[in-house]
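Quick note: to get our numbering, add 1361 to the position in the sequence shown (first position is 1).
We put the beta carbon where it would ideally sit given N, CA and C, even for glycine.
See below for the structure under consideration.
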Amino acid sequence: MSKHKINTMAFSSVYPHYITKAEKKNRTKAEVDEIICWLTGYTLESLQKQIDSKVDFETFFEQSPQLNENVSKITGVICGYRIEEIEDPLMKKVRYLDKLIDELAKGKTMEKILRK
């Protein structure tokens, strides 16, 4: 079975798009970084190392310290897919991240985005 394109896409190639999406809605790079670190368990320093290393999404999530324990609270539809119904573990993680960035761009508070 062939891998989905996102598996081999460099995380560093998509990361600037997350920032652009947020900044267009008057949100910040720091908020994007906070969301990514919350989801994956990376520190700001280790996140930057992953970006600088140009790892693909598969490696990015495989090497992440620990997915947040509240990840199951991320529900809804993103890119036409209901997150709860996605079976591929990597695609589910990617869609979690997409959903969180989308919520940021839609103006939700960080407290709600981070499921506090």
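Checklist line | Y1457 (DSSP reduced to helix, strand or coil) | finding: In the sequence shown, residue 1457 corresponds to position 96, counting from 1. Three-state DSSP puts Y1457 in a helix.
Item checked: Range covered by the alpha helix (DSSP H) that runs through D1417 -> Locating residue 1417 in the sequence shown gives position 56, counting from the first residue. D1417 -> no alpha helix (DSSP H), and no H or E assigned at all.
Item checked: Start and end residues, alpha helix (DSSP H) containing T1470 -> Counting from one through the sequence shown, the residue named residue 1470 turns up at place 109. No alpha helix (DSSP H) holds T1470; DSSP gives it neither H nor E.
Next item on the list: Look up Y1482 in the DSSP assignment and give the residues it is bridged to.
Entry: With the chain represented from 1362 up to 1477, any question about residue 1482 goes unanswered, as that position is not in the structure.
Check: Among the residues of its own chain, which have a CB less than 7 Å from the CB of T1404, if the five just before and after it don't count?
Finding: Residue numbering aside, residue 1404 sits at position 43 when the sequence shown is read from its first letter. Around T1404: C1398.
Next item on the list: May I have the straight-line CA-CA distance separating E1446 from V1432, to the nearest angstrom?
Entry: Within the sequence shown, numbered from 1, the residue matching residue 1446 stands at position 85. Within the sequence shown, numbered from 1, the residue matching residue 1432 stands at position 71. Using only the alpha carbons, I get a separation of about 14 Å.
Next item on the list: Starting from the Cα of R1388, find the closest Cα among L1451, K1477, K1469 and give me that residue.
Entry: Here residue 1388 corresponds to residue number 27 of the sequence shown, with the count starting at 1. Closest option to R1388, Cα to Cα, is K1469.
Next item on the list: Go through its chain and collect everything with a Cβ distance to K1434's Cβ below 8 Å, but skip five positions before and after it.
Entry: Residue 1434 sits at position 73 when you count from the first residue of the sequence shown. Answer for K1434: R1476, listed in chain order.
Note to self: By alpha-carbon positions, which one of I1367, L1451, E1384, D1459 ends up nearest to C1316?
What the structure shows: Residue 1316 lies beyond the range of the chain shown here (1362 to 1477); nothing can be said about it.
Next item on the list: Count the other C-beta atoms from every protein chain shown that fall within 10 angstroms of the C-beta of E1464, then say buried if there are 16 or more, exposed otherwise.
Entry: The count along the sequence shown starts at 1 and reaches residue 1464 at position 103. The residue is buried, with at least 16 neighbouring Cβ atoms inside 10 Å.
Notebook entry, point to check: What are the start and end residues of the alpha helix (DSSP H) that includes P1426?
Noted result: Here the question's residue 1426 lines up with position 65 in the sequence shown. It is not in any alpha helix (DSSP H) - P1426 carries neither H nor E in the DSSP assignment.
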